[in-house]
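A.B. asks: Note that the protein sequences, when read in sequence, are chains A, B, C and D. Everything in the first sequence is counted per the numbering used here, starting at 1 for the first residue and increasing by one. Everything in the second sequence is counted per the numbering used here, starting at 1 for the first residue and increasing by one. Everything in the third sequence is counted per the numbering used here, starting at 1 for the first residue and increasing by one. Everything in the fourth sequence is counted per the numbering used here, starting at 1 for the first residue and increasing by one. Take this structure, written in structure tokens, and hold onto it; I'll ask about it next.
4 protein chains.
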Amino acid sequence: MSDINKLIKEIVKFRDERDWEQFHNSKDLALALSIESSELLELFLWKSNEDFKLDKLKEELADVLMYAFLLADKHDLNIHDIILDKIKKNEEKYPVDKSKGNSTKYNEL
Amino acid sequence: MSDINKLIKEIVKFRDERDWEQFHNSKDLALALSIESSELLELFLWKSNEDFKLDKLKEELADVLMYAFLLADKHDLNIHDIILDKIKKNEEKYPVDKSKGNSTKYNEL
Amino acid sequence: MSDINKLIKEIVKFRDERDWEQFHNSKDLALALSIESSELLELFLWKSNEDFKLDKLKEELADVLMYAFLLADKHDLNIHDIILDKIKKNEEKYPVDKSKGNSTKYNEL
Amino acid sequence: MSDINKLIKEIVKFRDERDWEQFHNSKDLALALSIESSELLELFLWKSNEDFKLDKLKEELADVLMYAFLLADKHDLNIHDIILDKIKKNEEKYPVDKSKGNSTKYNEL
């Protein structure tokens with residue numbers, strides 16, 4: 001039910017029914033991802049931290065994830081692997097003893 | 001292996017070891033997501049569409065996905081459900097006969 | 001002292017000494033502008049509204065403005081004119097009686 | 001005619017007629033700037049580098065500049081000064097002999 005590969009198949013099916021793969025070069029997928037993230041961000045503009053519409057958040061988050069998954073699929077990236085690899089890198093950049101309770105960026109730690 | 005819930009558990013474990021949940025209000029998670037998407041986009045700046053470093057792409061895409069998953073987790077959103085719901089909405093906005101082979105945005109179709 | 005055209009000349013001089021105009025197509029200038037705006041935004045990540053470093057803000061804002069000016073210059077846009085035109089449009093979208101003290105977006109007014 | 005201070009006065013007048021200064025904390029101005037830059041970027045999505053609508057570009061660029069100017073005005077930043085200061089810094093990061101005809105980022109030069 002939470003299997004990413006099945007989800008990606010649904011997204012690819014939607015894309016291919018519309019013959020849209022021709023537009024989905026890597027650079028434009030990166031643009032689309034950034035644009036959708038910005039639309040999600042707009043839900044919070046001029047608002048306090050938890051003042052947003054949940055229905056809109058669901059839609060914008062789905063848009064973000066769909067482009068992220070399409071970019072992963074295009075380059076045969078295994079989402080499980082790239083996230084676990086990044087967590088390992090972050091563990092080195094943000095050792096618990098230095099970063100606990102501290103939001104400072106690693107290059108300023 | 002591609003189970004989203006297990007992945008989210010790993011991300012949350014990394015966060016909680018550092019006691020970072022206190023910083024993760026919804027608005028700042030949306031900022032982080034947008035900022036990471038922009039870092040991914042930067043891989044393509046002044047470059048042609050497929051000229052990018054795959055290792056960097058993996059890292060930036062992982063960062064984007066981690067904040068997207070944290071935002072979903074914060075609001076108990078089921079990623080499978082929100083994506084399938086959005087695909088349904090997109091099927092109405094982009095009917096196959098109007099949008100096949102056509103990248104025009106729905107409000108200009 | 002605050003003459004935009006003189007400023008643009010300085011920016012163009014810096015660009016031309018490095019022979020960078022060849023990279024400055026409109027799409028990549030738009031990417032650069034979006035990426036710099038995101039770097040400015042990052043100054044506020046995990047922070048309260050007025051908690052930022054002024055020196056960093058100056059630098060990031062300068063970067064944003066330089067790409068905005070380069071994009072205007074590339075298309076011979078008069079910055080004075082495009083801003084006054086947009087203010088006029090915004091006056092129609094946001095009539096004072098409906099929008100006074102109200103941050104709601106025009107399409108939800 | 002291209003005097004920035006006069007332009008900023010027009011923008012501030014529009015803002016104050018609507019009593020919007022109360023919403024314009026620095027963080028949200030940075031969000032607005034980033035969101036508007038992303039809307040400008042969207043004009044180029046799925047398009048080749050010079051395939052965009054000039055009328056739309058004018059409007060989006062005006063929006064970007066207005067928020068950049070409002071942020072500068074809020075902190076009494078002199079736009080002329082911050083840009084000339086940044087050009088000086090960039091001259092050190094990008095010496096002509098290393099960066100001529102080369103789009104590589106300074107930290108990879």
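Glycine is no exception: its CB is placed at the ideal position from the N, C-alpha and C atoms. No experiment lies behind these values; they were computed from the predicted model shown.
(1) Excluding the 5 residues flanking Ser99 of chain B on each side, which residues of the same chain have their C-beta closer than 7 Å to its C-beta?
(2) Give every residue of the same chain whose Cβ lies closer than 8 Å to the Cβ of Met1 of chain B, excluding the five residues on either side of it in the sequence, and list them in chain order.
(3) Helix, strand or coil for Asp19 of chain D, going by three-state DSSP, please let me know.
(4) Short of 8 Å Cβ to Cβ, which residues in the stretch 73-100 of chain B face chain F?
(5) Taking Cβ to Cβ, would you say Ala72 of chain B is nearer than 8 Å to Leu61 of chain A?
(6) From this set, D:Asn107, D:Lys86, D:Asn102, which residue's C-alpha is nearest Leu7 of chain C's C-alpha?
(7) When the distance is taken between beta carbons, is Ser38 of chain B closer than 8 Å to Ser34 of chain A?
(8) With DSSP collapsed to three states, give me the class of Asp97 of chain B.
(9) Expressed to the nearest angstrom, what Euclidean distance is found between the alpha-carbon atoms of Asp55 of chain D and Lys93 of chain C?
(10) Got a sec? Which residues, its chain only, sit under 7 Å from Asn78 of chain A by beta carbon, not counting five neighbours each side?
(11) When you compare the CB of Ser34 of chain B with every CB in chain C, is at least one pair closer than 8 Å?
(12) Around the Cβ of Tyr106 of chain A, are there at least 16 other Cβ atoms within 10 angstroms (buried) or fewer (exposed)?
(13) Spell out whether any CB of chain D is found under 8 Å from the CB atom of Leu70 of chain C.
(14) Find the nearest neighbour of Lys9 of chain C within the set C:Lys27, C:Asp81, C:Met66, C:Ile83, judged by alpha-carbon distance.
(15) Which runs of the alpha helix (DSSP H) fall wholly inside the stretch 19-74 of chain A and span at least 4 residues, in chain order?
(16) Mind checking whether Ala68 of chain C and Val64 of chain D have CB atoms under 8 Å apart?
(17) Given this structure, state the Cα-to-Cα distance separating Ser48 of chain C from Ser26 of chain A, to the nearest angstrom.
(18) Could you confirm whether any beta carbon from chain D is found closer than 8 Å to the beta carbon of Trp46 of chain B?
(19) Does any CB atom of chain D fall closer than 8 Å to the CB of Met1 of chain B?
(20) List the DSSP bridge partners of Asp3 of chain A.
(21) Classify Asn102 of chain A as helix, strand or coil using the three-state DSSP reduction.
(22) Does Leu31 of chain B come within less than 8 Å of chain C when only Cβ atoms are used?
(23) By the 9 Å beta-carbon criterion, what residues does the stretch 41-65 of chain A contribute toward chain D?
(24) Starting from the C-beta of Glu36 of chain C, find all residues in its chain whose C-beta is less than 7 Å away, skip the five residues before and the five after it, and write them out in chain order.
C.D. replies: With the structure as the only source:
(1) For this step, residue 99 of chain B is matched to residue 99 along the second sequence. The residues are Leu109.
(2) For the purposes of this step, residue 1 of chain B is taken as the residue at position 1 of the second sequence. Note on Met1 of chain B: pLDDT 44, under 50, position unreliable in the model; no value is reported.
(3) The sequence position of residue 19 of chain D within the fourth sequence is 19, counting from 1. Residue state for Asp19 of chain D is assigned as coil, using DSSP reduced to three classes.
(4) Protein chains A, B, C and D are contained in the structure displayed, whereas chain F is not.
(5) Locating residue 72 of chain B in the second sequence gives position 72, counting from the first residue. Locating residue 61 of chain A in the first sequence gives position 61, counting from the first residue. Yes.
(6) In the third sequence, the residue the question calls residue 7 of chain C occupies position 7. Nearest neighbour of Leu7 of chain C by Cα position, chosen from D:Asn107, D:Lys86, D:Asn102, turns out to be D:Lys86.
(7) For the purposes of this step, residue 34 of chain A is identified with residue 34 of the first sequence, where counting begins at 1. For the purposes of this step, residue 38 of chain B is identified with residue 38 of the second sequence, where counting begins at 1. Yes, the pair counts as a contact, with Cβ atoms nearer than the cut-off.
(8) By 1-based counting over the second sequence, the position of residue 97 of chain B is 97. If DSSP states are grouped into helix, strand and coil, Asp97 of chain B belongs with the helices.
(9) On the fourth sequence, residue 55 of chain D is found 55 positions in, with the first residue counted as 1. On the third sequence, residue 93 of chain C is found 93 positions in, with the first residue counted as 1. About 17 Å.
(10) Position 78 of the first sequence, counting from 1, holds the residue named residue 78 of chain A. Excluding residues within five positions, none has a Cβ falling inside 7 Å.
(11) For this step, residue 34 of chain B is matched to residue 34 along the second sequence. So, interface residue.
(12) Numbered from its first residue, the first sequence carries residue 106 of chain A at position 106. When all chains shown are included, Tyr106 of chain A counts as exposed.
(13) Stepping through the third sequence from its first residue, residue 70 of chain C is reached at position 70. No, because no Cβ of chain D sits closer than 8 Å to the Cβ of Leu70 of chain C.
(14) The residue given as residue 9 of chain C occupies position 9 in the third sequence. Nearest Cα to Lys9 of chain C within the set C:Lys27, C:Asp81, C:Met66, C:Ile83: C:Met66.
(15) Qualifying alpha helix (DSSP H) stretches, in chain order: 26-42, 54-74.
(16) Counting from one through the third sequence, the residue named residue 68 of chain C turns up at place 68. Counting from one through the fourth sequence, the residue named residue 64 of chain D turns up at place 64. Yes, the pair counts as a contact, with Cβ atoms nearer than the cut-off.
(17) Walking along the third sequence from the start, residue 48 of chain C turns up at place 48. Walking along the first sequence from the start, residue 26 of chain A turns up at place 26. Computed Cα separation, rounded: 35 Å.
(18) Taking the first residue of the second sequence as 1, we reach residue 46 of chain B at position 46. Interface residue, yes.
(19) Start at 1 with the first residue of the second sequence, and residue 1 of chain B comes out as number 1. Only weak support is given to the placement of Met1 of chain B: the predicted model assigns it a pLDDT of 44, under 50, and the value that follows is read from those uncertain coordinates. Answer no: the Cβ-Cβ gap between Met1 of chain B and chain D never drops below 8 Å.
(20) Counting from 1 along the first sequence, the entry for residue 3 of chain A is found at position 3. For Asp3 of chain A, which the question treats as bridged, DSSP gives the partners B:Asp3.
(21) Position 102 of the first sequence, counting from 1, holds the residue named residue 102 of chain A. Looking at Asn102 of chain A - three-state DSSP - the assignment turns out to be coil, as it is neither helix nor strand.
(22) Here residue 31 of chain B refers to the residue found at position 31 when the second sequence is read from its first residue. Chain C, which has a Cβ nearer than 8 Å to the Cβ of Leu31 of chain B, makes this yes.
(23) Leu41, Glu42, Phe44, Leu45, Trp46, Lys47
(24) Here residue 36 of chain C refers to the residue found at position 36 when the third sequence is read from its first residue. Excluding positions up to five away in sequence, the list reads Glu60, Asp63, Val64, Tyr67.
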